[in-house]
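Sequence order for the protein chains is A and B.
Using full-length UniProt numbering, you'd call the opening residue of the first sequence number 1 and step up by one each time.
Using full-length UniProt numbering, you'd call the opening residue of the second sequence number 1 and step up by one each time.
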Amino acid sequence: MRPFAYDRPDTAAAAVAAVADRPDAAFLGGGTNLVDHLRLGIADPGLLVDVTSLTSTEIVDIDGGLRIGAGVTNADLAADPRVRARLPVLAAALLSGASGQLRNMATTGGNPLQRTRCPYFQDPASACNKRVPGSGCAAIGGATRNHAILGASEHCIATHPSDMAVALAALDTQVRILGPDGGRTLAFTDLHRLPGDTPEQDTELAHGELITAIDVSYPRGRHAYRKVRDRASYAFALVSVAAVLDVVDGTVLDARIALGGVAHTPWRAVRAEDTLRGGPATEEAFAAAAEAELADARPQPGFDGGNAFKIPLARRTLTATLRQTTPRETA
Amino acid sequence: MKFSINGVAGSGEPQPGQCLRTFLRDQEHFEVKKGCDAGDCGACSVLVDGALVRSCLYPAVRADGAEITTVSGLGTPEDLHPMQQAFVDHFGFQCGFCTAGMIVAASTLDSTDDLPRRMKGNLCRCTGYRSVRQAIEAGVRGDPPRPAPGCGVGDSPNPPAARRVVTGTEPYTFDLAVPGSLHLRVLAAPHAHARIRSIDTSAAEAVPGVVLVLTHENTPQERYSTGRHEHREDDPDDTRMLDDVVRHVGQRVAAVVAESVAAAEAGCRALVVDYEVLPAVVDPEEARRPGAPLLHPDRTPADRVDEAGRNVVLAVHGGHGGDVDAALAASAHTVSGTWRTSRVSHAQLETHGAIGWLEDDGRLVLRASTQVPFLTRLELARLFGLPEDRVRVHTARVGGGFGGKQEIFAEDLVGWAVLRTGRPVSYELSRTDEFQRTSVRHPMRVGVTLGSTADGVLTAMKVDVLSDTGAYGNHSRGVLFHAIAESVSVYRCPVKHVDAEVVYTNTVPSGAFRGYGLGQVILGVESAMDELAIELGLDPFELRRRNVVRDGDPLLVAQHAEPEPDLVWGSYGLDQCLDLAEEALARGNGVEPPPGWRVGEGMALALITTVPPFGHVAHAAIHLEPDGTYRVDVGTVEFGNGSQTVFTQIVASTLNTTVDRIVLRVADTDAVAYDTGAFASAGTAVAGKALHGAALDLRAQILSRADGVLERDGVRTAAGLVPFAEIGPLTGTGAEFGEQRSLSSNVHAVRVAVRPETGEVRILQSVHAADAGTVMNPEQCRGQVEGGVAQGIGSALYEEVLIGEHGEVLNPVFRTYRVPQMADIPDTEVYFATTSDTLGPYGAKSMSESPYNPVAPAIGNAIRRALGARPYEQPFSRDRVWRLTQPRIMEP
């Protein structure tokens with residue numbers, strides 16, 4: 001690990017100013033991702049600005065939902081009675097990710113900003129446009145089972161690893177941000193970006209912008225989170241689905257769906273939602289929604305047959321998750 | 001900053017960027033272990049203000065004002081926390097390296113609902129989790145302590161270190177403060193194959209704190225092998241401490257020794273290396289084709305490299321009984337297939353490493369994480385040009401090995417750096433170093449063709465093996481010989497033929513690993529046997545019974561017509577193992593498959609010799625003290641195999657004493673004259689036998705001084721008790737040379753459910769029957785079987801070290817390399833055959849490696865029967881299994 005400076009300012013504004021001032025500065029939240037990257041040698045900040053005690057660790061009621069301070073740990077968020085009762089898709093996603101030890105450390109602000117687990121990104125010796133822009137992408141044609149089938153570019157086929165972010169993408173979520181020029185709010189679905197030709201940028205946050213809180217509205221309907229992975233626990237999703245379906249008398253009034261493990265972003269399944277909305281909550285409709293969402297999916301070639309298996313896997317997992325949100329008598 | 005650790009107030013300033021784990025260890029809280037330093041394994045778990053965290057990712061500065069609790073704060077050896085007591089009572093550890101973090105995590109539980117999910121943050125590589133799960137359940141319930149068990153042979157006393165292990169007070173290799181120690185770190189090669197034109201060390205030497213830079217220009221250049229055996233000629237001399245040619249990504253290029261780890265790392269970054277990149281080969285088939293890049297072109301058969309011009313380290317071609325192809329053509333039935341196995345990491349939670357220093361008289365001392373202290377001493381003395389008695393190698397408790405520490409991966413650099421600087425030097429590998437720079441299980445391609453009569457009697461066996469040893473040949477020859485031995489000789493068959501080669505590739509080296517190659521070839525043979533059973537419409541157990549060697553049969557490998565002269569059937573238990581496994585599977589366990597899943601049953605068998613060929617040596621001594629204490633000296637290493645427990649049982653039984661009167665000194669070249677080491681499952685069969693000899697010798701000496709009945713406090717004679725003060729001191733000695741070998745057998749059977757839509761495999765019932773002869777310690781031996789089965793399940797379903805097109809390891813961390821977790825491993829029913837071996841002490845046989853061997857083929861056979869399609873490539877991961885369910889067009 002290379003030497004770096006460490007700063008622990010007294011206010012969030014001071015932290016933002018400190019990072020904005022130095023191009024090689026970074027915020028340090030729970031540290032579960034960044035500390036690992038420092039040790040792997042793939043992050044090399046000159047200054048770490050500790051923000052864990054600078055943002056709220058409270059979850060407060062707001063009109064129709066919750067405001068979750070960026071400093072709230074994943075463990076506290078998953079255990080909150082309001083989250084468990086009104087946002088079960090979020091609680092389930094949190095509990096399916098990481099270990100208890102990590103959830104006690106990881107924060108609400110940091111979790112959505114964790115970086116891809118693409119093995120080539122994590123290996124300093126491999127070509128990676130995300131780590132070293134312009135160096136190429138060693139993942140293409142390599143070990144691609146954890147890589148994207150939607151929205152990838154010729155420069156990057158990485159996926160976003162967070163479970164929590166998949167649930168937040170499905171919900172009506174706003175991100176509250178503090179920057180050098182003041183505050184702003186961004187829809188959560190606008191936070192992450194597709195790789196395009198600038199895969200080094202994971203999000204729309206500018207350097208020095210800090211997430212201070214996340215606002216989530218309570219949706220109507222039944223929730224489900226389903227994660228398919230290589231083993232029973234402690235693995236990143238091959239495919240995950242967060243869904244909230246509001247079905248009344250067999251008709252889908254509203255659908256909120258996001259996919260994980262398939263794209264550079266937590267993938268909001270707009271096409272599937274549009275297909276379902278106003279229609280019947282039937283097995284056929286679910287299959288059609290999954291079909292529509294994955295119509296543009298493209299497999300990545302690679303070792304051992306590449307990741308073509310993920311397309312039918314995503315389709316079936318999406319269908320099965322929608323089935324799970326629907327009371328048996330109407331399905 | 002101020003903090004409290006286990007209730008004791010402290011203060012101190014962490015270094016910039018320091019994590020809590022290393023900060024706590026700097027305060028000599030060595031109970032906080034490093035398994036991965038990446039937040040995956042949980043060995044470093046501690047409580048910060050009551051919250052369970054991974055201290056390896058926790059910035060130390062955040063502990064300002066905090067109350068920190070480690071496993072040593074929960075209880076002490078004299079006053080255990082209920083969870084610690086439960087881990088003792090339920091044998092919830094083997095090597096014990098994960099235990100500190102496991103117990104801290106478990107201590108936070110108030111419920112055992114969904115325990116596998118709650119405990120997913122803690123990895124154990126030894127136990128297979130059944131005992132851990134039972135310990136946690138008992139700890140959460142608050143069960144009262146187990147009554148003290150008996151301590152003789154056949155009882156299940158706890159390991160002597162148990163109360164220390166569960167409180168974090170049993171030291172491992174690095175749990176020792178060495179004042180003034182320097183730190184060594186290694187620069188890793190970025191290329192799969194390159195010649196080093198030059199290394200500019202000037203900038204590195206100028207880094208403040210750097211004391212010494214080692215390159216191929218200032219280290220011994222004699223070739224040796226990292227793999228160690230009783231006979232050094234078993235392995236090829238193809239490795240240099242630091243070489244001017246790098247042959248795999250991650251190979252050591254240079255070492256920097258400095259006053260701090262940070263300075264050593266900065267020194268490594270400051271090295272300027274000019275490489276001439278050479279063509280590389282990563283595919284073993286390509287490697288032996290004409291024109292392939294050659295890894296060791298100058299090595300010769302005198303170096304134990306058979307055909308360096310084809311990258312072939314060892315070739316075994318031969319048969320007996322006639323022309324195998326003609327015999328196959330004449331057979332009523334034939335089956336054939338080709339199986340592939342993966343690179344597997346040992347993933348023992350304690351990484352490799354060593355600390356070295358000079359004694360006052362200048363003798364070099366190494367404290368290393370090794371299974372072979374004596375063999376390491378021999379080779380280092382040779383390499384450094386020192387007399388053997390000027391080097392001492394010893395171990396503390398070793399945090400897991402599985403064969404991976406039957407190698408020299410750190411001791412050479414540390415020893416040389418100590419000799420050069422005259423100061424203590426410490427070198428601890430990281431988890432990523434483990435993946436890139438130590439060794440893996442040899443991946444193999446195994447082709448098997450079987451012929452049989454219409455009645456299912458084997459007529460011909462043809463085996464074709466290609467093994468990949470990676471960049472260096474450590475263990476490659478022995479592993480290949482072993483791979484094609486008991487896998488083939490277990491069957492009576494008139495015509496056998498083998499073509500087997502092991503080749504170099506520009507990848508991480510392969511090495512010794514539990515089962516020593518047998519598991520890979522057994523996958524092929526036992527899967528082919530299953531195909532034959534299907535073809536014949538015969539029960540797979542019945543097909544085995546018709547063909548396995550019987551008691552007293554000669555064991556014939558393919559390449560010789562003569563049996564090996566040192567093999568004897570000390571006892572025969574294969575028939576019982578087949579019966580026990582078959583009956584248990586037929587009984588079932590009531591676990592139902594989920595709706596829509598397909599179910600299949602599978603089985604496989606394995607045979608293994610109890611000792612390696614050509615000798616395995618152990619010396620032992622027992623000193624009787626006047627107060628009735630027995631001081632026991634044994635050379636072999638405790639690394640979770642339970643050998644120390646068995647040693648105390650042998651002494652307790654033979655000398656009619658109790659464990660509290662026994663003091664062990666083990667794993668030290670100063671302890672006894674010589675010991676080959678803790679490998680080849682030799683702990684009980686060889687070292688235990690030497691110790692049994694010493695105990696019998698001492699007993700005879702005692703009784704020659706006082707004729708009567710040996711008791712705990714003396715000898716009971718007609719005239720009353722003669723206390724030991726009037727008899728001792730006395731010393732009994734024993735030795736064993738492993739000149740004869742017996743055979744252990746194992747049968748594994750499973751019932752699995754497979755979900756066709758996703759390829760998910762769930763093991764509904766897992767059954768293992770083993771012939772261990774006399775079972776010295778049933779609870780411990782059960783644990784060895786369960787642990788071997790768990791590693792077998794890992795290989796079968798999850799584990800694969802992935803190699804990129806340039807030979808680099810793609811998943812060098814536990815987050816992407818999938819060591820099974822609690823949720824992945826079902827309970828296994830363990831059954832022991834009732835036999836008594838004529839060779840082993842008290843009739844015991846080895847039972848450490850062999851349980852691994854039949855597991856993957858049993859699972860593959862069950863998947864085959866569930867789906868009607870066979871998986872040929874290990875691991876049988878979900879996508880591979882799913883692909884079996886798809887139309888052919890989906891095949892790559």
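Positions of the beta carbon are idealized from the N, C-alpha and C atoms, including for glycine.
- 8 Å or more divides the Cβ of B:Asp-238 from the Cβ of B:Ile-196.
- Listed as beta-bridge partners of B:Tyr-831 by DSSP are B:Ala-769.
- Contacts with chain A at 8 Å (Cβ-Cβ) include B:Thr-758.
- Beta-bridge analysis with DSSP links B:Arg-716 to B:Val-709 and B:Leu-721.
- Under the three-state reduction of DSSP, A:Val-19 is assigned to helix.
- By the rule that beta-carbons nearer than 8 Å mark a contact, A:Ala-143 touches chain B.
- Shown here, B:Gln-886 sits in coil according to DSSP, grouped into three states, outside any helix or strand.
- Taking a beta-carbon distance threshold of 8 Å, A:Gln-300 does not count as an interface residue toward chain B.
- Taking one beta carbon from each stretch, the stretch 255–262 of chain A and the stretch 164–176 of chain A have 3 or more pairs nearer than 8 Å; the two touch.
- If you draw a 10 Å sphere on the C-beta of A:Thr-159, you find 16 or more other C-beta atoms in it, and that means buried.
- In this chain, the beta strand (DSSP E) harbouring B:Glu-501 covers 495–504.
- When Cβ-Cβ separations below 8 Å define contact, A:Gly-100 makes contact with chain B.
- Exclusion of the five residues before and after B:Arg-423 leaves Gly-180 and Leu-182 as the residues of its chain whose Cβ lies within less than 7 Å of its Cβ.
- Legend: CB atoms of the stretch 128–151 of chain B lying less than 9 Å from CB atoms of chain A are not found in any residue.
- In chain order, Val-35 make up the part of chain A whose C-beta sits under 7 Å from the C-beta of B:Cys-19.
- Listed along chain A, the residues sitting closer than 8 Å to B:Gln-821 by beta-carbon distance are Arg-231, Ala-232, Ser-233 and Tyr-234.
- With respect to chain B, the C-beta atom of A:Leu-313 has a partner C-beta closer than 8 Å.
- Taking B:Ile-859 as the centre and dropping the five residues before and after it, the same chain places the C-beta of Val-750 and Ala-796 closer than 6 Å to its C-beta, in chain order.
- Distances from the alpha-carbon of B:Glu-13 to those of B:Gly-318, B:Asp-49, B:Ala-60 and B:Tyr-831 put B:Ala-60 closest.
- Legend: CB atoms of the stretch 202–233 of chain A lying less than 7 Å from CB atoms of chain B belong to residues Val-228, Asp-230, Arg-231, Ala-232 and Ser-233.
- Distance from the CA atom of A:Ser-135 to the CA atom of A:Asn-129, rounded to whole angstroms, is 5 Å.
- The closest CA to that of A:Ala-138, considering only A:Leu-294, A:Ala-281, A:Cys-156 and A:Leu-318, is found on A:Cys-156.
- Closest in C-alpha terms to A:Ala-213, from the list A:Ala-25, A:Asn-33 and A:Val-60, comes A:Val-60.
- Using a Cβ distance threshold of 8 Å, A:Asn-111 and A:Leu-238 do not count as a contacting pair.
- Between B:Ala-769 and B:Ala-725, the gap from beta carbon to beta carbon reaches 8 Å or more.
- Judged by DSSP in its simplified three-state form, A:Pro-88 adopts helix.
- Annotation: the continuous beta strand (DSSP E) that includes A:Gly-260 extends over 251–260.
- With fewer than 16 neighbouring CB atoms inside 10 Å of its own CB, B:Arg-587 falls in the exposed class.
- B:Ser-704 sits in a helix when the DSSP states are folded into three classes.
- Within chain B, Arg-815 and Thr-816 have C-beta atoms less than 8 Å from the C-beta of A:Arg-117, given in sequence order.
- According to DSSP, A:Ile-177 shares a beta bridge with A:Arg-184 and A:Ile-211.
- With respect to chain B, the C-beta atom of A:Met-105 has a partner C-beta closer than 8 Å.
- Looking at the backbone, the Cα of B:Glu-286 and that of B:Arg-755 are separated by about 36 Å.
- In the DSSP assignment, B:Leu-20 falls within the alpha helix (DSSP H) that extends over 20–26.
- Taken in chain order, the unbroken stretches of alpha helix (DSSP H) that lie wholly in the stretch 505–572 of chain B and span 4 residues or more are 518–536 and 540–547.
- Here B:Ala-671 is buried. Its C-beta has 16 or more other C-beta atoms within 10 Å.
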